[in-house]
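Each remark here refers to the structure printed beneath this line.
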Amino acid sequence: MLNNEIGLLYFVYFVVLFILVFVSRILRFQIIHQEDIVEKELLKQQSLLNELEALKNQINPHFLFNSLNSLNSLIRDNKPATTFVNKLSFMYRYILQSRSQDLVTIEEELKFLESYIYLINTRYRDRFKIEISIDSEFMTEKIPALALQLLVENAVKHNEISESNPLLVKVYYEKNAIVVENVIRLRTTFVDSTGNGLVNLDKRYMMLKNQNIIISNAENIFKVKLPLN
Numbered sequence: 041m042l043n044n045e046i047g048l049l050y051f052v053y054f055v056v057l058f059i060l061v062f063v064s065r066i067l068r069f070q071i072i073h074q075e076d077i078v079e080k081e082l083l084k085q086q087s088l089l090n091e092l093e094a095l096k097n098q099i100n101p102h103f104l105f106n107s108l109n110s111l112n113s114l115i116r117d118n119k120p121a122t123t124f125v126n127k128l129s130f131m132y133r134y135i136l137q138s139r140s141q142d143l144v145t146i147e148e149e150l151k152f153l154e155s156y157i158y159l160i161n162t163r164y165r166d167r168f169k170i171e172i173s174i175d176s177e178f179m180t181e182k183i184p185a186l187a188l189q190l191l192v193e194n195a196v197k198h199n200e201i202s203e204s205n206p207l208l209v210k211v212y213y214e215k216n217a218i219v220v221e222n223v224i225r226l227r228t229t230f231v232d233s234t235g236n237g238l239v240n241l242d243k244r245y246m247m248l249k250n251q252n253i254i255i256s257n258a259e260n261i262f263k264v265k266l267p268l269n
């Protein structure tokens, strides 16, 4: 009788142990399954966010160009305003294209710079002047996109531009490099700038051309050289 009771206890013990192990495995499987669902859901959400971001990148340019075209139709009788919008539209298109094109020809960059200069002249008129002297034989040389515009913008941002002190920026070829220079007349007012423009350009130049830009500040002349090769 005692042996039967002991045997029954062992049987119950093993059955309970089996049930506990079985339930434990089911719970573990359920947890893993839930984690898998959560992970897949997160991936799905991330995928949707990526798709949304891609759509934004497609919609924003389309929306802006339509807005510029609409603005153009409203001001078609105002030639200066129409030209301004056309130049702005060209600049925006160029900036978008430069996202997938790291290096551009000097000719392409100068066309972009021409539009930028038009916008600057609309604001400063005779107080801003630029001289560009680059022979046609160098027009097919390549530099990082937006490099020239950044250097001209840097000069405009940090220097005084007034009737008594107009800003002159020179862009020219010298010893296998494109040079951008200006006389230093620093603004006395606060300039909203991170100061990283030239640093970032130098990093881009090193990555794309395996060279550093050359910055000099001598005899009150600020000069940046962009090596061509």
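Going by my numbering, the first residue of the sequence shown is number 41, and it counts up by one from there.
Beta carbons: idealized from backbone N, C-alpha and C, even for Gly.
Checking the DSSP bridge columns, you'll see L226 partnered with N199. Restricting attention to L207, Y132, V220 and I224, the CA atom closest to the CA of I253 is found in V220. Cβ contact annotation for I170 (same chain, cutoff 8 Å, sequence separation greater than five): I157, V192, L208, V209, K210 and V211, in chain order. Between the C-alpha atoms of Q137 and E181 there is a straight-line separation of about 18 Å. Within the DSSP secondary-structure output, P184 pairs in a beta bridge with L143. Using a 10 angstroms sphere on the CB of L266, the tally of other CB atoms reaches 16 or more, which defines it as buried. In this structure, I160 is the residue among D166, M131, N216 and I160 with its C-alpha nearest to the C-alpha of K197. A residue is called buried once 16 or more other Cβ atoms fall within 10 Å of its Cβ, and Q141, having fewer, is exposed.
Looking at V239, N257, K249 and Y213, the one whose alpha-carbon comes closest to that of R225 is N257. According to the DSSP assignment, P267 belongs to the beta strand (DSSP E) that extends over I261 to P267. Each of F262, T229, N250 and I255 was checked against the Cα of L268, and the nearest Cα belongs to N250. The beta carbons of F178 and Y134 sit no closer together than 7 Å. Per DSSP, the continuous alpha helix (DSSP H) segment holding F124 begins and ends at K119 to S138. Bounds of the beta strand (DSSP E) holding K169 are F168 to S173. Where N252 is concerned, there is no enclosing alpha helix (DSSP H), because DSSP gives it neither an H nor an E. DSSP places K215 outside any beta strand (DSSP E), giving it a letter other than H or E. The Cβ neighbour count for N205, taken over all protein chains shown within 10 Å, is under 16; the residue is labelled exposed.
The criterion of a C-beta distance shorter than 7 Å is not satisfied by N236 and A195.
Across the structure, F152 and E259 are spaced so that their CA atoms are roughly 30 Å apart. Annotation: R227 to E200 spans about 5 Å, alpha carbon to alpha carbon. The beta carbon of L190 sits closer than 7 Å to the beta carbons of G237 and L241 from its chain, once the five residues preceding and following it are set aside; these are given in chain order. L248 places its beta carbon less than 7 Å from that of P184. Put simply, of A187, S176 and T229 the residue whose alpha carbon is nearest the alpha carbon of K243 is A187. Measuring C-alpha to C-alpha distances from S155 to each of Y245, K119, Y132 and M246 identifies Y132 as the nearest.
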